[in-house]
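Before any comments, here is the structure.
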Amino acid sequence: MSALNIQNLSCAYQKTPVLAELDLTLENNEIVCLLGESGCGKTTLLRAVAGLQAELTGNISIQQKVLNDPQINMPPELRKIGLIFQDYALFPHLNVFDNVAFSLATNMPKSEKQQRVEEVLHLVQLSEMGKRFPHQLSGGQQQRIAIARALAYQPDLMLLDEPFSNLDQHVRFQLIHEIRHLFKQRQMSALFVTHSKEEGFAFADRIALMKSGRIVQIDTPQKLYRAPNSAYVADFMGQANYIGLSILDDYSYQSCFGVLYTQGKITQPKEAELRLLLRPEHIDITPDESGEAVVKQVAFQGSSQQITAQFSGQDFLIKYSNHTCDSVFFQEGDKVTLSLLNHDFVVFAD
Amino acid sequence: MSIKKGLTILLAGASVLTSSLSFAAEEVNVYSYRQPFLIDPMMKEFTAETGIKVNILFAKKGLIERIKREGQLSTADIMLTSDFSRLALFTEDGLAQPVESKILDKNIPAKFQGENKQWFALTSRTRNIYSSVERVGPAPDITYQDLATPAFKGKVCMRSGKHPYNVSLLASIIAHEGEAKAKTWLEGLKANLARKPQGNDRAQVKAVKEGLCDYALTNSYYLGKMLNDPKQVSWAESVHINFPNQATTGTHMNVSGVALVKHAPHKENAIKLMEFLSGDVAQKMYAEINYEYPVKTGVKASELVASWGEFKEDEIKLSEVAAQHKAAIKLLDEVKFDL
Amino acid sequence: MISKSFNPYKLLPWAVTCILLSPVLAIFLNAFSFDESGSFEHLLNTVLPTYISNSVLVIVSVVLISIVFALPCAWFVACCEFPTRQKLQWILMLPLAMPPYIVAIVYTDLLDFAGPVQLALRGWFGWQSIDDYYFPDIRTLFGASFILALSLFPYLYLLLRGAFLTQSAGLFQAARTLGLSPYRAFWRVSIPLSRSAMAVGISLIAMETLGDFATVNYFAVHTLTTAIYDTWLELGSLTTAAKISSLMLLVLVILISLENYSRRKQQVYQRNSSGSTDLRFYLTGWKKWGVLLFTWSLLGLSLFIPIGTLIYYAFHYFSESLNDQLFSYTLNSLWLAFLVAILALLVALIVNFYQRLSPGVFAKSSIRLSSLGYAVPGTVVAIGVLIPLTSLDLLLNDLLIKWDVSPVGLIFSGSLVILVLGYLVRFSAIAVGSVDSSLVQVPPSLDLASRTLGNGPAKTLWRVNIPLIKKGLLTAFILVFIESMKELPAALLLRPFNFETLATYVYQYVSDEMIEYAALPALMIIALGLIPFIVVNRLLEQKH
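Heads up: the protein sequence lines correspond to chains A, B and C, in order.
Numbered by the numbering used here, the letters in the first sequence go through residues 1 to 350 in order.
Numbered by the numbering used here, the letters in the second sequence go through residues 1001 to 1339 in order.
Numbered by the numbering used here, the letters in the third sequence go through residues 2001 to 2544 in order.
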């Protein structure tokens, strides 16, 4: 049984498909991030799970509980799902205590209510704030209260819609770690929507990258970064250079960096046009008066330099670490030599 | 240009905008508690005869207060009312002025004139008790006092006790019998009502027709009006008109009247209008169009009104009745008549 | 350079407030003068307790019935999707154009024991007398409240619909995902969030009810307003009448302040929730039919039946009621209502922007004070206006005589000036409230942005704020226009000679319950109120 199982989910808005036959499974205690550009359908997917999206087809279930199938469209209040909104959606007419206690049964004894609220307020480290009203809290505090409110409901699954985008950088990552820790501690499964890969990296166990209503690739952040299944994924996950390849034999390619030898057997057909993904950190750069490459642009970034260099008629983006005392500070016009660092080749056929 | 001159020009300009102000000599301004459609025919006739334009301002409430506030600047010449208690309030507040006119004295009998000739009645009407043709038949011996006796329980309909017609009837009873007896009467009447006081005089006749009650307390002229309305004639035909208290004090009379405003700017025209309204032509029109009794001796009531028969009028002086006006209002409150 | 010198523009809002307040103050001052008649004690010992309880009961029932009418309508129209919803949006506002005193006559006429409905029932079932069957008595407190609510509920509807539309849809959804059914989410989230709209709507309705005389009077229901008229016009004691008016106002002010106080901690920042349209509930089956039945029968009662009855009468008495002056009365009504509506807008802008530019207790109280006249019965306002204006006239004429200039007579109180002022005193509250509620939704940062971009306060007002609150301004205009078309008691008493409005013309027949003759001009009042409504709504809809 999985924490969330989505099969064949489709949804259209005014005849344009927003979700197209989408499948997704969340394991228990797993945090999955839906990542994508705006309009890719990630928020629609979240709303569909929450039961806030009308007119969809497909199956959604949590553990054994069916939320959507051809016969059923369970109303949101029966789904037992915690939904965290981008704007927090705290009720402005209720104070923090009443907001958190909102989902508790009205006939619950006062002492029990008190205990439940205090427990979750303690979890989000805002125990003293019960009497305050939402507008008296900072953005980060409001988001914690929103999470506390959802936790008090003891949901089977937590859904978060761009929960950190209204927070400033400093607060954001601190809160991400805190909440991830909290979810893990409470064994809470969560589906989380964002357009920022950094948030996804920091918060999720797995990331599902979406495009035009489909999941292009779903895997751990590391895999997604290092082994993208398409140029789209590669570009989305980080800066990328591509060089053309032609196949020499079963174990080697020809490239502008010379012959590259692979570990496994090459499976692509001989005549295919291939591109090799090179992350900026995969290229080494050394000053060389007789080098064939020329530095065109340097951006100093503290711990590293981001360098654009021209080589064999192509611009390369290179990340150069300044971590040793003999690090070089490059300048525009410097002659350099580029070489490839050892890494797993990611090759796309166009 | 001096300030004074500028001010004069400014104010002259402003006064052009004010339609109430007019320095034309040939006009007269009337504040009226009576609806324009009731008095328009007479006013048109007056203008036709004299060339004096009549301006009317009609309201049901507050006209006296307005004149009071306007003080010596008031443009009102004449106050027309539909009952004498308002006339009494008006003169009490010193808002009227006496009128010495041979014509008025000749046309209007002394009992229809206010103290110091500060007001004059123009028409009179009786407060009648209508009885159901179907269930009661004619009741020539009925009295106002009967309506408060146990035999009439649940059989009487009337409009709000606070309506001027009912107030003046109550005031006349206070004047005749004293406050204590009047109160007992009022309580008895209240206990006999078929329903809470509501609607207007016509509505009471309608209620008799529909069998809600057997007796209705209503003014005389409404019967004439209903008989002349094709939709209401059936209501009128369902009742007999009775003149109460024939054997005792006589039928209570109310009047509509006129007073000359103290600061009337068109005094001459105003007196002309008053004289005209008391004259044969206007009195005849009151009788024929509105089915009221003319006050001028010699002018006959309309044929229809006359057909209801001769009757004995309550001869008590109107000023004596008017003096009990406030007492009557307070009594109505004490008994909670309308509640 | 910041100039600290005296700025005459700052006096403007206070001048406006003082002018609007002067009639109410005049009444108050009268209340404190010595009264030798003992009328107040007399009333207190006799009918006053009943009048008070009646007033409270009428207000409470009108408010409750209005909520029952307005709340579901507002929610259906704002948050659901069903056939005719688009049309209903604005048709539901139209009952505002119905003068309650006319609706009252139509219904008392129809439902009376001797009226056509009961007549027909007796005919069908062969009942003979009143004892044979039960029929609810229309001339009761409840009947009066019901009729008043029929023409007043759109105020609440208008405000609640606005509140529901601007509420963040996310909050409602948050409640749903926290385990609340739509029904319970509505009560626990939507309703509390629309509390301020609810409060404004209820106080408008309460004030309008308190000031009403004509309608409740038809139903033989006696309230504090009856007491005011009795004591003052029959017993001649303005002091007592003023005392009662002041008491009424005091209670009202206390209630409104209490409500404000209880909301002090809530600060609801409205968010422009985009795409709330696709969040509407699609109603199907019995729910759809239920909603259709509810909304359209409400309109039937408040709009179609009265208008139908009037058309019937107008048709049958057409030749009697059509006359050559009707056209000029119509014109009078039209331009007077237009003028008053424009002036009320100006008042609202002045008072509200004063508060926006220099917020504080004084500014806030100027808003409140300028609205007090709304709760005062029309005739009392009329006298209240007469007191300062006639004094002004008398003073002016005395001065002129002293300066050897020919006196000008009653240039204020004898002209339309007094009528316009009377209307303004009564109806500014509507415009002020409407502009206030749309202005608070304009974030102050926009003003600051404009100011830092080199626009002065006046330019900011003109270039930023007014365009943003255009809708509120239009609403204010229509509401005041319609109220002025319907207004009766002040018009009756304050108009100059030979000046009739449609309402005063209607009244001379209505006052004698001759509705047949009043039907045609009454229809004109309604039509003239409906037309701007429809036109403006069309304009607004096209823009969106």
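All C-beta atoms, glycine included, are put in the ideal place defined by N, C-alpha and C.
Serine 2365 (chain C), buried or exposed, once every other Cβ within 10 Å from all chains shown has been counted against 16: exposed
Where phenylalanine 2082 (chain C) meets chain B, residues with beta-carbon distance less than 8 Å: Ordered by position in chain B, no residue passes the 8 Å Cβ test against phenylalanine 2082 (chain C), which lies about 41 Å from the chain.
C-alpha gap between leucine 2171 (chain C) and alanine 2097 (chain C), whole angstroms: 35 Å
Proximity below 8 Å, CB of asparagine 8 (chain A) to CB of asparagine 73 (chain A): no
Within chain B, partners of glutamate 2513 (chain C) - CB distance below 8 Å: Gly1199, Asn1200, Arg1202, Ala1203
Isoleucine 81 (chain A) - partner residues in DSSP beta bridges: A:Leu157
Inter-residue spacing [alpha-carbon to alpha-carbon] between tyrosine 351 (chain A) and glutamine 268 (chain A): This structure gives no information on residue 351 (chain A), because the portion of chain A shown stretches from 1 to 350.
Nearest candidate by alpha-carbon position, reference alanine 2185 (chain C), set C:Tyr2107, C:Phe2164, C:Thr2046: Ranking the options by Cα distance to alanine 2185 (chain C), first place goes to C:Phe2164.
Isoleucine 2383 (chain C): contacting residues in chain B (beta-carbon distance under 7 Å): Gly1062, Glu1065
Cβ-Cβ separation, threonine 1050 (chain B) to lysine 1296 (chain B) (assumed contact under 8 Å), whole Å: Lysine 1296 (chain B) to threonine 1050 (chain B), Cβ: 19 Å. No contact.
Residue-chain proximity (leucine 34 (chain A), chain C), Cβ-Cβ < 8 Å: No - not a single Cβ of chain C is within 8 Å of the one on leucine 34 (chain A).
Cβ neighbours of leucine 2247 (chain C) in the same chain (closer than 7 Å, five flanking residues each side left out): none
Three-state secondary structure assigned by DSSP to leucine 1217 (chain B): strand
Whole-angstrom C-beta distance between isoleucine 2202 (chain C) and leucine 2158 (chain C), which should lie under 8 Å: 13 Å between Cβ atoms; not a contact.
Pairwise C-alpha distance: lysine 1225 (chain B) and threonine 1123 (chain B): 16 Å
Of the residues A:Gly302, A:Phe330, A:Ser290, the one placed nearest threonine 308 (chain A), counting alpha carbons only: A:Phe330
Glycine 1257 (chain B) (DSSP reduced to helix, strand or coil): strand
Counterpart residues of arginine 275 (chain A) in DSSP-defined beta bridges: A:Gly244, A:Phe348
Coil, strand or helix - isoleucine 6 (chain A) by DSSP: strand
Own chain, CB closer than 8 Å to threonine 1184 (chain B), minus 5 neighbours either side, in chain order: Ala1148
Closer than 8 Å to chain A by CB, glycine 2162 (chain C): no
CB contact check: serine 1160 (chain B) to chain C, cutoff 8 Å: yes
Cα-Cα separation, isoleucine 2350 (chain C) to serine 2237 (chain C): 37 Å
Short Cβ contact (8 Å threshold) for glutamine 143 (chain A) with leucine 167 (chain A): yes
Length of the line joining the Cα atoms of isoleucine 266 (chain A) and serine 246 (chain A): 11 Å
Closest by C-alpha distance to leucine 2345 (chain C), when choosing among C:Leu2331, C:Gly2472, C:Val2464: C:Gly2472
Near-chain A residues of the segment 2170-2183 of chain C - C-beta to any C-beta below 8 Å: Gly2170, Leu2171, Gln2173, Ala2174, Ala2175, Arg2176, Thr2177, Leu2178, Gly2179, Leu2180, Ser2181, Pro2182
Cut-off 8 Å between Cβ atoms - residues of its own chain near aspartate 1333 (chain B), not counting five sequence neighbours on either side: none
Per-residue contacts from leucine 1339 (chain B) into chain C (C-beta, under 7 Å): Val2047, Thr2050, His2222
Local Cβ density within 10 Å of alanine 2527 (chain C), reported as buried at 16 or more and exposed below that: exposed
Distance, leucine 2292 (chain C) Cα to lysine 15 (chain A) Cα: 29 Å
Serine 1220 (chain B) versus phenylalanine 1037 (chain B): straight-line alpha-carbon distance, rounded: 18 Å
Option in A:His282, A:Pro287, A:Leu46 with minimal Cα separation from glycine 238 (chain A): A:His282
Histidine 282 (chain A) - DSSP class collapsed to helix/strand/coil: helix
Per-residue burial, glutamate 1268 (chain B) [other beta carbons within 10 Å of its own, 16 or more giving buried]: Exposed, because fewer than 16 other Cβ atoms sit within 10 Å of the Cβ of glutamate 1268 (chain B).
Leucine 2141 (chain C) vs asparagine 2054 (chain C) beta-carbon contact at 8 Å: For leucine 2141 (chain C) and asparagine 2054 (chain C), yes; Cβs fall inside 8 Å.
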